[in-house]
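See below for the structure under consideration.
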Amino acid sequence: MKSSRITFFLGLAGFLAVSVVFGTAATTADAQNKMTPQKAFEALLEGNDRFVHGLASHRDLSAEVEQTSTGQYPLGVVLTCLDSRTAPETMFDQGIGDLFVGRIAGNFAADDMIGSFEFAHKLAGAKVLAVVGHSSCGAVKGACDGAKMGNLTHTLAQLSPALDAVPASVQPRNAKNAAFVQKVADANVRLTVERVLDKSEVLRDMVKAGELGVIGGMYDLNTGKVTFYKDTAHGLKMPK
Numbered sequence: 472m473k474s475s476r477i478t479f480f481l482g483l484a485g486f487l488a489v490s491v492v493f494g495t496a497a498t499t500a501d502a503q504n505k506m507t508p509q510k511a512f513e514a515l516l517e518g519n520d521r522f523v524h525g526l527a528s529h530r531d532l533s534a535e536v537e538q539t540s541t542g543q544y545p546l547g548v549v550l551t552c553l554d555s556r557t558a559p560e561t562m563f564d565q566g567i568g569d570l571f572v573g574r575i576a577g578n579f580a581a582d583d584m585i586g587s588f589e590f591a592h593k594l595a596g597a598k599v600l601a602v603v604g605h606s607s608c609g610a611v612k613g614a615c616d617g618a619k620m621g622n623l624t625h626t627l628a629q630l631s632p633a634l635d636a637v638p639a640s641v642q643p644r645n646a647k648n649a650a651f652v653q654k655v656a657d658a659n660v661r662l663t664v665e666r667v668l669d670k671s672e673v674l675r676d677m678v679k680a681g682e683l684g685v686i687g688g689m690y691d692l693n694t695g696k697v698t699f700y701k702d703t704a705h706g707l708k709m710p711k
């Protein structure tokens, strides 16, 4: 019995080692064509689960560079903050050529960013758009305190609608109030999803046609987990 247990655990350890060492190849044109928005979303969920549990893929980056040198077929687009701790490829355990990434302090979507999304989805075939904020966001804190500095003043002003969306009963309304900061970050994600679809007929039509899924969520800097918000989902279903 003891020998059988040892054999079992050695086999399990070997399986886990293989799952950690060998990553998947870059997304191919055929895989992208067959992928639905729901499947693309689930790939993000599964990748984040691997990341959180320390089972992120060990990728052959040189091979991925070679595989993607003649074309790209990403499964999705992720809009995140400029924060150095919120790299989408890392939090979703994706490789070179798997994601289009838009990044700006405060993860809001200006018109130029929305135009980039239209390219990524309509012309390049990406199936899911995820707007991902994060906890303890410095840009949100700056907006909460009305910070002003050069061009950053204009950038932070784009978060004003999110501040206004938080009920006046939430006090004090500054960066020292962690609960207020998080409510603003949450509101910003929801408003950004709404703005993208409101401003882009191209993306709205893709959602209606079942060609695109859009959703918002929040990355926890403490745990690495991304929590997606059901009320922001368009063309997607949350897993049970």
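In this note's numbering, the protein residues as written are 472 to 711. The beta carbon of each residue, even a glycine, is placed where N, CA and C say it ideally should be. Quick caveat: nothing in here was measured; it's all calculated off a predicted structure.
Determine the extent of the beta strand (DSSP E) in which H605 is found, giving its start and end residues. Residue numbering aside, residue 605 sits at position 134 when the sequence shown is read from its first letter. Residues 599-605.
Just to confirm, are F571 and V548 a CB contact at a threshold of 7 Å? Sequence index remark: in the sequence shown, residue 571 carries index 100 (1-based). Sequence index remark: in the sequence shown, residue 548 carries index 77 (1-based). Taking 7 Å as the Cβ cut-off, F571 and V548 qualify as a contacting pair.
Delimiting residues of the alpha helix (DSSP H) encompassing R675: In the sequence shown, counting from the first residue as 1, residue 675 sits at position 204. That run of the alpha helix (DSSP H) goes 672-679.
Where does F563 fall in DSSP's three states? Taking the first residue of the sequence shown as position 1, residue 563 is located at position 92. For F563, the secondary structure class from DSSP, reduced to helix, strand or coil, is coil.
How big is the Cα-Cα spacing for N578 and D554? Walking along the sequence shown from the start, residue 578 turns up at place 107. Walking along the sequence shown from the start, residue 554 turns up at place 83. Across the structure, N578 and D554 are spaced so that their CA atoms are roughly 10 Å apart.
What is the rounded straight-line gap between the Cα of F651 and the Cα of F590? Your numbering for residue 651 matches position 180 in the sequence shown. Your numbering for residue 590 matches position 119 in the sequence shown. Our two residues, F651 and F590, have alpha carbons roughly 35 Å apart in a direct line.
Which ranges would you report for the beta strand (DSSP E) in the stretch 635-677 if only whole runs of at least 3 residues count? List check, beta strand (DSSP E) in window: nothing returned.
Close-in-space but distant-in-sequence residues of the same chain around K711 (CB under 8 Å, 5 per side omitted): The count along the sequence shown starts at 1 and reaches residue 711 at position 240. The answer is none, since no qualifying residue turns up.
How far does the beta strand (DSSP E) with G586 in it extend, from its first residue to its last? The residue you call residue 586 lines up with position 115 of the sequence shown. Element bounds for G586: not the beta strand (DSSP E) but the alpha helix (DSSP H), 582-589.
A656 and G604 - do their beta-carbons sit closer together than 7 Å? Taking the sequence shown and counting its residues from 1, the one referred to as residue 604 is at position 133. Taking the sequence shown and counting its residues from 1, the one referred to as residue 656 is at position 185. Against a cut-off of 7 Å, the Cβ pair of A656 and G604 comes out as a contact.
So H705 packs on G681, CB below 8 Å; how close in whole Å? Here residue 705 refers to the residue found at position 234 when the sequence shown is read from its first residue. Here residue 681 refers to the residue found at position 210 when the sequence shown is read from its first residue. About 11 Å separates the two Cβ atoms, so there is no contact after all.
Start and end residues, alpha helix (DSSP H) containing T539: The residue labelled residue 539 in the question sits at position 68 within the sequence shown. Per DSSP, T539 belongs to no alpha helix (DSSP H) and is neither H nor E.
According to the neighbour-count rule (16 or more other Cβ atoms, all chains shown, within 10 Å of its Cβ), is P638 buried or exposed? Along the sequence shown, one-based indexing puts residue 638 at 167. Counting Cβ neighbours within 10 Å, P638 comes out exposed, since fewer than 16 surround it.
Tell me whether the beta-carbon of S646 lies closer than 7 Å to the beta-carbon of D616. Counting from one through the sequence shown, the residue named residue 646 turns up at place 175. Counting from one through the sequence shown, the residue named residue 616 turns up at place 145. The question names Ser, yet the displayed sequence has Ala at residue 646. Result yes, Cβ atoms of A646 and D616 sit closer than 7 Å.
Boundaries (first-last residue) of the alpha helix (DSSP H) holding F512: For this step, residue 512 is matched to residue 41 along the sequence shown. Unbroken alpha helix (DSSP H) run through F512: 508-523.
Within a Cβ cutoff of 7 Å, which residues of the same chain sit near Q509, ignoring the five residues on either side of it in sequence? Against the sequence shown, residue 509 aligns to sequence position 38. Only G684, L707, K708 meet the Cβ criterion.
Beta-carbon separation of I585 and K670 under 7 Å? Indexing the sequence shown from 1 puts residue 585 at position 114. Indexing the sequence shown from 1 puts residue 670 at position 199. Yes, the Cβ-Cβ distance between I585 and K670 is below 7 Å.
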